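K.L.:
Count along the sequence shown starting at 1, add 1, and that's the number in our numbering. C-beta: ideal position from N, C-alpha, C; glycine also. Given the structure is predicted, the values throughout are model-derived calculations rather than measurements.
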Amino acid sequence: MLSFFLILAISFVVSAIACFIHYEILHGLHKQLLKISKRSHHYKLSTILVGISIAHLLEIIVYAIALYGSSHFGLGGLEGAVGSIANFEDYLYFSVVSYSTLGIGEIYPVGHLRLLTGVEAVVGLMLIAWSATFFYAHMEKRWNGKQSS
Numbered sequence: 002m003l004s005f006f007l008i009l010a011i012s013f014v015v016s017a018i019a020c021f022i023h024y025e026i027l028h029g030l031h032k033q034l035l036k037i038s039k040r041s042h043h044y045k046l047s048t049i050l051v052g053i054s055i056a057h058l059l060e061i062i063v064y065a066i067a068l069y070g071s072s073h074f075g076l077g078g079l080e081g082a083v084g085s086i087a088n089f090e091d092y093l094y095f096s097v098v099s100y101s102t103l104g105i106g107e108i109y110p111v112g113h114l115r116l117l118t119g120v121e122a123v124v125g126l127m128l129i130a131w132s133a134t135f136f137y138a139h140m141e142k143r144w145n146g147k148q149s150s
């Protein structure tokens with residue numbers, strides 16, 4: 002029972018870190034976009050896409066570290082198409098698949114890592130939607146600007 006509460010706490014902390022990373026990067030992008038207002042719209046959108054991609058990559062890495070670390074504390078592991086012992090690359094790949102809610106399924110979690118994986122999928126979906134909304138808001142400014150001129 003203690004291990005369940007431990008993975009629940011880890012899930013909460015890692016999700017808070019992922020949301021913090023996402024907020025800070027989007028906030029930084031917004032401030033940067035205000036500074037480069039004279040640049041072309043293509044440059045601004047490219048800046049947004051690179052920033053968002055970096056944010057998601059960092060968040061995936063944070064979850065992969067949490068999954069990998071949790072497995073070393075006996076809270077679960079990965080099974081399926083992994084070697085006899087899953088390495089960090091396996092956890093990183095699994096984290097990408099989980100975060101994006103792709104869920105291919107040739108590697109799957111066992112034990113309490115199932116909970117962390119589910120939380121990662123929900124938070125990943127939320128952060129991807131947040132990114133899409135941020136990107137759309139900046140595209141809409143461009144579209145509205147073109148319509149009024």
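(1) Going along the chain, which residues of its own chain have a beta-carbon closer than 8 Å to the beta-carbon of T48, five neighbours each way excluded?
(2) Is it true that the CB of L117 sits closer than 8 Å to the CB of I8?
(3) Which of helix, strand or coil does DSSP assign to L103?
(4) Quick one: which unbroken beta strand (DSSP E) runs of 3-plus residues sit fully inside the stretch 56–95? Chain order, please.
(5) Going by DSSP, name the residue or residues bridged to V111.
(6) Verify whether the separation of the beta carbon atoms of V124 and I108 is less than 8 Å.
P.N.:
According to the data block:
(1) Here residue 48 is taken as the residue at index 47 of the sequence shown, counted from 1. The answer, listed in chain order, is L30, Q33, L34, I37.
(2) For the purposes of this step, residue 8 is taken as residue 7 along the sequence shown, with counting starting at 1. For the purposes of this step, residue 117 is taken as residue 116 along the sequence shown, with counting starting at 1. For I8 and L117, yes; Cβs fall inside 8 Å.
(3) Sequence index remark: in the sequence shown, residue 103 carries index 102 (1-based). In this structure, L103 counts as coil in the three-state DSSP scheme.
(4) 77–81
(5) Within the sequence shown, the letter at position 110 stands for residue 111. Paired residue(s): G78.
(6) Locating residue 124 in the sequence shown gives position 123, counting from the first residue. Locating residue 108 in the sequence shown gives position 107, counting from the first residue. No, the pair does not count as a contact, with Cβ atoms beyond the cut-off.
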